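Q:
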Amino acid sequence: MEMTMVGSNGGDTTETHNKINKYALACAIVGSIISIIFGYDTGVMSGAMIFIKEEMKINDVQVEVLAGILNLCALVGSLTAGRTSDIIGRRYTIVLASVIFMIGATLMGYGPNYGILMVGRCITGIGVGFALMIAPVYAAEISAPSSRGMLTSLPEFCISFGILTGYVSNYCFGKMGAKIGWRLMLGVAAIPSLCLALGVLRMPESPRWLVLQGRLKDAREVLSKVSNTEEEAVVRFRDIKLAAGVPEDCEQDVVKMHRKTHGEGVWKELLSPTTTVRWILVVAIGLHFFQHATGIEAVVLYSPRIFRKAGITSKDKLLLATVGVGVIKTSFILVATFLLDRVGRRRILFTSITGMAVAHLMLGFGLTMVEHSHGELPWALIISIISVYMYVALYSIGMAPITWVYSTEIFPLKLRAQGLSIGVAVNRLMNAAISMSFISIYEAITIGGTFFMFAGISVIALIYFYFFLPETKGKSLEEIEKLFGEPSPREDDKARDDVYPTNLLGKKKSFIFFSFLRERRLTPPTSTFSSSPAATSRRYFHPSVDPQPQATPFCSFNPTSVAPSPLSRTLSAAASILRAAILLSFSSPSVDLVLP
Numbered sequence: 056m057e058m059t060m061v062g063s064n065g066g067d068t069t070e071t072h073n074k075i076n077k078y079a080l081a082c083a084i085v086g087s088i089i090s091i092i093f094g095y096d097t098g099v100m101s102g103a104m105i106f107i108k109e110e111m112k113i114n115d116v117q118v119e120v121l122a123g124i125l126n127l128c129a130l131v132g133s134l135t136a137g138r139t140s141d142i143i144g145r146r147y148t149i150v151l152a153s154v155i156f157m158i159g160a161t162l163m164g165y166g167p168n169y170g171i172l173m174v175g176r177c178i179t180g181i182g183v184g185f186a187l188m189i190a191p192v193y194a195a196e197i198s199a200p201s202s203r204g205m206l207t208s209l210p211e212f213c214i215s216f217g218i219l220t221g222y223v224s225n226y227c228f229g230k231m232g233a234k235i236g237w238r239l240m241l242g243v244a245a246i247p248s249l250c251l252a253l254g255v256l257r258m259p260e261s262p263r264w265l266v267l268q269g270r271l272k273d274a275r276e277v278l279s280k281v282s283n284t285e286e287e288a289v290v291r292f293r294d295i296k297l298a299a300g301v302p303e304d305c306e307q308d309v310v311k312m313h314r315k316t317h318g319e320g321v322w323k324e325l326l327s328p329t330t331t332v333r334w335i336l337v338v339a340i341g342l343h344f345f346q347h348a349t350g351i352e353a354v355v356l357y358s359p360r361i362f363r364k365a366g367i368t369s370k371d372k373l374l375l376a377t378v379g380v381g382v383i384k385t386s387f388i389l390v391a392t393f394l395l396d397r398v399g400r401r402r403i404l405f406t407s408i409t410g411m412a413v414a415h416l417m418l419g420f421g422l423t424m425v426e427h428s429h430g431e432l433p434w435a436l437i438i439s440i441i442s443v444y445m446y447v448a449l450y451s452i453g454m455a456p457i458t459w460v461y462s463t464e465i466f467p468l469k470l471r472a473q474g475l476s477i478g479v480a481v482n483r484l485m486n487a488a489i490s491m492s493f494i495s496i497y498e499a500i501t502i503g504g505t506f507f508m509f510a511g512i513s514v515i516a517l518i519y520f521y522f523f524l525p526e527t528k529g530k531s532l533e534e535i536e537k538l539f540g541e542p543s544p545r546e547d548d549k550a551r552d553d554v555y556p557t558n559l560l561g562k563k564k565s566f567i568f569f570s571f572l573r574e575r576r577l578t579p580p581t582s583t584f585s586s587s588p589a590a591t592s593r594r595y596f597h598p599s600v601d602p603q604p605q606a607t608p609f610c611s612f613n614p615t616s617v618a619p620s621p622l623s624r625t626l627s628a629a630a631s632i633l634r635a636a637i638l639l640s641f642s643s644p645s646v647d648l649v650l651p
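The numbering of the sequence shown is this note's numbering, which starts it at 56 and goes up by one.
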């Protein structure tokens with residue numbers, strides 16, 4: 056899409072906006088195929104467990120362990136994938152993940168007993184940890200800012216497409232009998248894994264990883280292919296060099312990089328973070344925590360069981376209804392890929408999480424009515440099916456892709472791979488917790504009560520996202536790094552309005568949490584703050600000793616200028632408690648921090 060802009064000199068300049076480079080798109084698609092394999096394994100297991108339970112005579116606890124062990128093993132993969140990709144590169148990490156998937160699928164397809172099946176599932180889990188980390192990192196690092204939202208959401212779309220393929224596989228292979236059907240469902244994934252391992256070798260390496268290795272010439276060549284214009288390639292190359300610590304005027308083909316840019320010391324920076332990195336970690340971990348805490352794994356993995364509870368008894372109808380879940384999930388993820396770079400991350404995420412909470416309430420109501428009924432309730436069955444599809448659609452259009460897009464783009468260059476691996480570890484841990492406990496939870500509090508619980512968690516997630524996530528649409532990875540860094544005192548009001556949203560009482564530039572979670576570092580010029588000599592010798596402004604500021608760079612909200620409603624007062628009190636708790640949790644013990 057072309058956008059014409061009129062300059063101040065009266066002439067016209069043309070800026071390419073939201074135009075996707077075809078080569079970058081092709082590379083992102085190939086790199087995301089690893090996510091299709093992971094999604095296939097997730098989807099196919101929901102149906103395969105029906106046949107495995109019948110043949111091997113296993114109980115519900117063993118079913119839960121079989122479902123969740125993959126995610127526990129994915130913790131190992133995710134925590135090692137970041138360091139591995141920093142050493143061997145993003146491309147060869149995808150190859151390694153493909154080989155691991157191939158071995159795991161072969162063992163599961165063979166599966167003569169429960170033990171071998173578990174071993175194959177564990178190996179596949181390690182591959183999952185690699186895949187979830189490397190696919191979005193590669194897509195983000197090879198894409199331009201104008202198309203990064205779409206390309207980085209491709210792995211999530213591919214996961215959904217893989218889940219749909221797994222559901223279709225359940226329906227097709229399920230007709231071949233209990234003994235051979237589930238083995239074909241699980242073993243067939245080895246074929247695309249082998250093809251991907253060979254196909255990835257023709258892809259270029261990430262230009263950002265090449266710069267971190269000092270291979271500037273190779274990085275320039277890749278950027279010239281994945282950029283729309285030579286000018287764009289030059290600008291991106293300059294930004295990447297600056298982020299990696301390479302002088303802007305350096306024109307050498309190969310340079311020697313500092314040891315830390317190769318990955319050494321990265322874990323130390325993540326585990327003993329600066330204020331900026333700590334804030335990024337809070338955001339990334341929160342995103343990955345709530346992605347699964349809001350119940351998606353319960354719906355996707357146990358959808359046949361949910362539909363059975365709702366009143367569908369035929370095995371064919373159960374699998375067919377589950378295929379509908381996959382179709383809706385894939386379709387709405389595809390819609391989301393085109394909206395992220397146009398509408399923005401925050402607006403879509405808020406719509407998604409609000410709708411998810413409503414869908415959970417509807418599903419909980421429908422299942423509760425069915426559970427307490429002595430006869431058939433067609434209307435409750437219809438409500439349950441509609442609410443499942445509604446939940447999957449709203450999750451897929453926002454929560455699903457934005458978790459990966461946002462958590463990938465906010466980490467600084469040298470911390471990106473291993474920083475995201477922490478998010479993936481939390482993601483897999485929550486996935487395992489939900490998938491291994493869902494049956495036990497609904498047996499304890501009823502299946503309807505379980506979805507009421509998920510609705511409450513969704514509301515908490517909405518509040519968290521509202522206060523903690525600034526908008527990143529249209530910004531380069533290097534600009535986002537600055538966004539989470541120290542605030543600039545020369546930042547004008549319009550720029551702040553674009554980043555910090557309207558607060559709950561309707562006032563602009565009042566993103567209170569964002570300023571306080573930065574620990575109110577004293578960096579403004581003398582024209583903005585009149586500080587005492589004692590204040591300049593400390594890192595922080597002390598309101599009881601230092602003169603009060605004439606203007607607040609990040610928070611211009613005046614509570615007395617608005618008559619708050621009871622809801623506003625309640626939310627404000629909750630926000631103050633949450634703010635104090637976070638400040639006490641994340642502040643260094645040596646810091647003299649005084650809450651306002």
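Using N, Cα and C, we set each Cβ at its ideal position, and we do this for glycine too. Keep in mind it's a predicted model, so treat the numbers as computed, not measured.
Kindly provide the ranges of any alpha helix (DSSP H) runs that are 4 or more residues long and lie completely inside the segment 295-379, ordered along the chain.
A: Under the rule that a run must span 4 or more residues, the alpha helix (DSSP H) segments found entirely inside the segment 295-379 read 321-326, 330-348, 351-356 and 358-365.
Q: Would you say the segment 76-89 touches the segment 190-208, given that touching needs at least three Cβ pairs under 8 Å?
A: yes
Q: Could you spell out where the alpha helix (DSSP H) holding G166 opens and where it closes?
A: G166 -> no alpha helix (DSSP H), and no H or E assigned at all.
Q: Could you name the residues that DSSP lists as bridge partners for R263?
A: Partner(s): none; R263 has no beta bridge.
Q: M411 and Y357 - do their beta-carbons sit closer together than 8 Å?
A: no
Q: By alpha-carbon positions, which one of I388, E287 and K296 ends up nearest to K272?
A: K296
Q: Going straight from the alpha carbon of G503 to that of S490, what length do you get?
A: Using only the alpha carbons, I get a separation of about 17 Å.
Q: What span of residues does the alpha helix (DSSP H) with L121 cover, start to end?
A: It spans D115 to I143 - the alpha helix (DSSP H) in which L121 sits, taken as one unbroken run.
Q: I'd like to check one pair, A190 with S90: are the Cβ atoms closer than 8 Å?
A: yes
Q: Between the alpha carbons of R291 and N114, how many angstroms are there, rounded?
A: 55 Å
Q: Nearest to T349 by CA position, among K528, M485 and G175, is which residue?
A: M485
Q: Tell me, to the nearest whole angstrom, how far the beta carbon of G137 is from that of A472; I am working on the premise that it is less than 8 Å.
A: 4 Å
Q: Find out if the Cβ-Cβ distance for the pair L475, V321 is shorter than 8 Å.
A: no
Q: Quick one: is T463 buried, meaning 16 or more other Cβ sit within 10 Å of its Cβ, or exposed?
A: buried
Q: When you compare the CB positions of S133 and A252, do they come within less than 8 Å of one another, or not?
A: One thing to note: S133 has its Cβ no nearer than 8 Å to the Cβ of A252.
Q: Judging by CA-CA distance, which residue of M104, E110 and V131 is the nearest neighbour of V118?
A: Nearest neighbour of V118 by Cα position, chosen from M104, E110 and V131, turns out to be M104.
Q: With a CB to CB cut of under 7 Å and the five nearest residues on each side skipped, what residues in its chain are close to Q346?
A: Closer than 7 Å at the Cβ level, and outside the excluded window around Q346, lie M454, T458 and N482.
Q: Assign I181 to one of two classes, buried (16 or more other C-beta atoms within 10 Å of its C-beta) or exposed (fewer than that).
A: buried
Q: Can I535 and I477 be called in contact, C-beta distance under 8 Å?
A: Not closer than 8 Å, so no.
Q: Quick check on the DSSP output: what are the complete alpha helix (DSSP H) runs of length 4 or more inside the segment 404-463, in order along the chain?
A: 433-449
Q: Should V443 go down as buried or exposed, given a rule of 16 or more other Cβ atoms within 10 Å for buried?
A: Buried is the call here.
Q: Considering only their Cβ atoms, is the gap separating M417 from R435 smaller than 8 Å?
A: Before going on, a small fix: residue 435 reads as Ala here, not Arg. Their beta carbons are not under 8 Å apart, which means A435 does not touch M417 by this criterion.
Q: Have a look at A353 and P200 and give me their C-alpha separation to the nearest angstrom.
A: 34 Å
Q: Are G86 and D396 touching if we call contact CB-CB under 8 Å?
A: Against a cut-off of 8 Å, the Cβ pair of D396 and G86 comes out as no contact.
Q: Over what stretch of residues does the alpha helix (DSSP H) that includes L669 continue unbroken?
A: Outside the displayed span of the chain (56 to 651) sits residue 669, for which this structure offers no information.
Q: Report, in whole angstroms, the separation of the C-beta atoms of T385 and L219, which I expect to be a contact under 8 Å.
A: Cβ atoms of T385 and L219 come within 8 Å of each other, at about 5 Å.
Q: How many Å lie between V398 and Y461 at the Cα?
A: 14 Å
Q: For the putative contact between G159 and I171, defined by C-beta atoms under 8 Å, what is the C-beta separation to the nearest angstrom?
A: Not a contact, Cβ separation roughly 11 Å.
Q: Please work out which residues of its chain come closer than 6 Å, Cβ to Cβ, to V514, disregarding the five sequence neighbours upstream and downstream, and give them in chain order.
A: A412
Q: Could you pull out every residue in the same chain whose Cβ sits closer than 8 Å to the Cβ of Y519, ignoring the five residues on either side in sequence?
A: Once the five neighbours on either side are set aside, the close Cβ partners of Y519 are G341 and F345.
Q: Excluding five sequence neighbours on each side, which residues of the same chain lie with their C-beta closer than 6 Å to the C-beta of E546?
A: Since pLDDT at E546 reaches only 40, below the 50 mark, its modelled position is unreliable, and no value is offered.
Q: Would you kindly work out how many angstroms separate the C-alpha atoms of K108 and L162, rounded to a whole number?
A: Using only the alpha carbons, I get a separation of about 18 Å.
Q: Along the chain, which unbroken stretches of the beta strand (DSSP E) at least 3 residues long are found entirely within the segment 158-212?
A: none
Q: G242 lies in the alpha helix (DSSP H); which residues open and close that run?
A: A233 to G242
Q: Identify whether I465 lies in helix, strand or coil by the three-state DSSP scheme.
A: Three-state result, I465: coil.
Q: State the start and end residues of the unbroken alpha helix (DSSP H) segment that holds T97.
A: Where T97 is concerned, the enclosing alpha helix (DSSP H) stretches over K77 to M111.
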